[in-house]
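Peer 1: My questions will all concern the structure given below.
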């Protein structure tokens, strides 16, 4: 075991040596072209918006986002508006594609002024991308020892390693890097036509609860039985209709609940990230496992009950009125007592 750990450390050291380089003197006033490297999940992308907004506030002329297939839809409205240039790669581990994209950017734009490494991982793929891009400067929160990263990041690195909320860490880093002071918040831009479409659907309902049963993995998914328990308790406590948030894969559970409870509604809307986000943004309360929709609620300061497998300070809800239910296992272990306590706490905030 010790030999394996030593071998891994040596391999990482060699990888750093192979891809590291000496950066230019750090000069935020000279940033004209910047890359945000975030080929991860939707929530990771939402948390990176303080960095993107700081670059915009600084007046950076060209902002290039390297997203994944998983989170590129998050950035698409900004690309459509011409605010950013968007590239996507299959996944963070696709080292070959990442190196190709980095070299293409160098060929097209010359040496990029700044790369914001938002991967949060000192991984082989990240090291390879940074080494292939060779931006004049890089900033990060992964704690990488490579010298190509500007020495402005240590406070944010320490905050992240101590478990602070990711958007708060990014806002701190933007301040320390002298780029701009921005609000620490999640964001998910929603195209205005979708906002209007959703409002037209929800207007006749008045105030409603947005209810989601599914996260990205099996231990973040609520069963139909727990969904029924939630729906019954929410109705008894709040007396508000519930709109189900679901992907095409989750429609079966959503329709099953709507057939048993007349106050549970499956919306006649497209099953897209932005439609679900618009439903959350217009709700009186959102109830969901730990997933990107919870962070959409935070982005719009919507009261939220989040059901978590375990505590993780990086991804706590940032809404003023919010509570986390920690199940210490699958979220389907949530109990009646958990739900009752959470509803009382959120209701005490006076938002619902």
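Numbering (the working numbering), first residue to last: -5 to 346. Even for Gly, the Cβ is constructed at its ideal location relative to N, Cα and C.
1. With a CB to CB cut of under 7 Å and the five nearest residues on each side skipped, what residues in its chain are close to residue 234?
2. When the distance is taken between beta carbons, is residue 184 closer than 9 Å to residue 291?
3. In angstroms with no decimal places, state the Cα-to-Cα distance between residue 6 and residue 156.
4. Tell me the rounded alpha-carbon separation between residue 340 and residue 75.
5. Just to confirm, is the Cβ distance from residue 282 to residue 300 under 9 Å?
6. Kindly indicate which residue of 2, 128 and 121 has the alpha-carbon position closest to the one of residue 138.
7. Within its chain, find whatever has a CB closer than 6 Å to the CB of residue 154; leave out the 5 residues flanking it on each side and keep chain order.
8. Since residue 261 and residue 273 should fall inside the 8 Å C-beta cutoff, what is the C-beta to C-beta distance between them, to a whole number of angstroms?
9. How far does the alpha helix (DSSP H) with residue 245 in it reach, from first residue to last?
10. Measuring CA to CA, which of 87, 42, 251 and 333 is closest to residue 222?
11. Residues in its own chain within less than 6 Å of residue 80 by CB, not counting five upstream and five downstream?
12. Below 8 Å, is the gap between the Cβ of residue 65 and the nearest heavy atom of the ligand FMN?
13. Can you check whether the CB of residue 147 is closer than 9 Å to the CB of residue 33?
14. Please report the distance separating the alpha-carbon of residue 293 from that of residue 1.
15. Whole angstroms is fine: what's the gap from residue 309's alpha carbon to residue 167's?
Peer 2: By the coordinates alone:
1. The sequence position of residue 234 within the chain shown is 240, counting from 1. Excluding the 5 residues flanking it on each side, residue 234 has same chain C-beta neighbours closer than 7 Å at 201, 202, 203 and 278, in chain order.
2. Numbered from 1 along the chain shown, position 297 holds the residue referred to as residue 291. Numbered from 1 along the chain shown, position 190 holds the residue referred to as residue 184. Cβ distance not < 9 Å, so residue 291 and residue 184 don't count as in contact.
3. Working through the chain shown from its first residue, we reach residue 6 at position 12. Working through the chain shown from its first residue, we reach residue 156 at position 162. It is roughly 23 Å from the alpha-carbon of residue 6 to the alpha-carbon of residue 156.
4. If you number the chain shown from 1, residue 340 lands on position 346. If you number the chain shown from 1, residue 75 lands on position 81. Between residue 340 and residue 75, the C-alpha separation is close to 37 Å.
5. By 1-based counting over the chain shown, the position of residue 282 is 288. By 1-based counting over the chain shown, the position of residue 300 is 306. The beta carbons of residue 282 and residue 300 sit closer together than 9 Å.
6. Sequence index remark: in the chain shown, residue 138 carries index 144 (1-based). Answer by Cα proximity: 121.
7. Translated into the one-based positions of the chain shown, residue 154 becomes position 160. Cβ within range, chain order: 135 and 163.
8. Counting from 1 along the chain shown, the entry for residue 261 is found at position 267. Counting from 1 along the chain shown, the entry for residue 273 is found at position 279. Correct: roughly 7 Å between the Cβ atoms.
9. Residue 245 sits at position 251 when you count from the first residue of the chain shown. Looking at the DSSP string, the run of the alpha helix (DSSP H) that includes residue 245 is 245 to 254.
10. Here residue 222 refers to the residue found at position 228 when the chain shown is read from its first residue. For the set 87, 42, 251 and 333, the Cα lying nearest the Cα of residue 222 is the one of 251.
11. To locate residue 80, count along the chain shown from 1; it is residue 86. If you ignore the 5 residues before and after residue 80, its C-beta comes within less than 6 Å of the C-beta of 59, 69 and 73, all in its own chain and listed in chain order.
12. Annotation note on the ligand FMN: not contained in the displayed structure, which lists no ligands.
13. As a first step, residue 33 is located in the chain shown; it is residue number 39 there, counting from the start. As a first step, residue 147 is located in the chain shown; it is residue number 153 there, counting from the start. Cβ distance not < 9 Å, so residue 33 and residue 147 don't count as in contact.
14. By one-based count along the chain shown, residue 293 stands at place 299. By one-based count along the chain shown, residue 1 stands at place 7. The alpha-carbon atoms of residue 293 and residue 1 are separated by roughly 43 Å.
15. Position 315 of the chain shown, counted from the start, is the residue given in the question as residue 309. Position 173 of the chain shown, counted from the start, is the residue given in the question as residue 167. Answer to the nearest angstrom: the Cα atoms are 17 Å apart.
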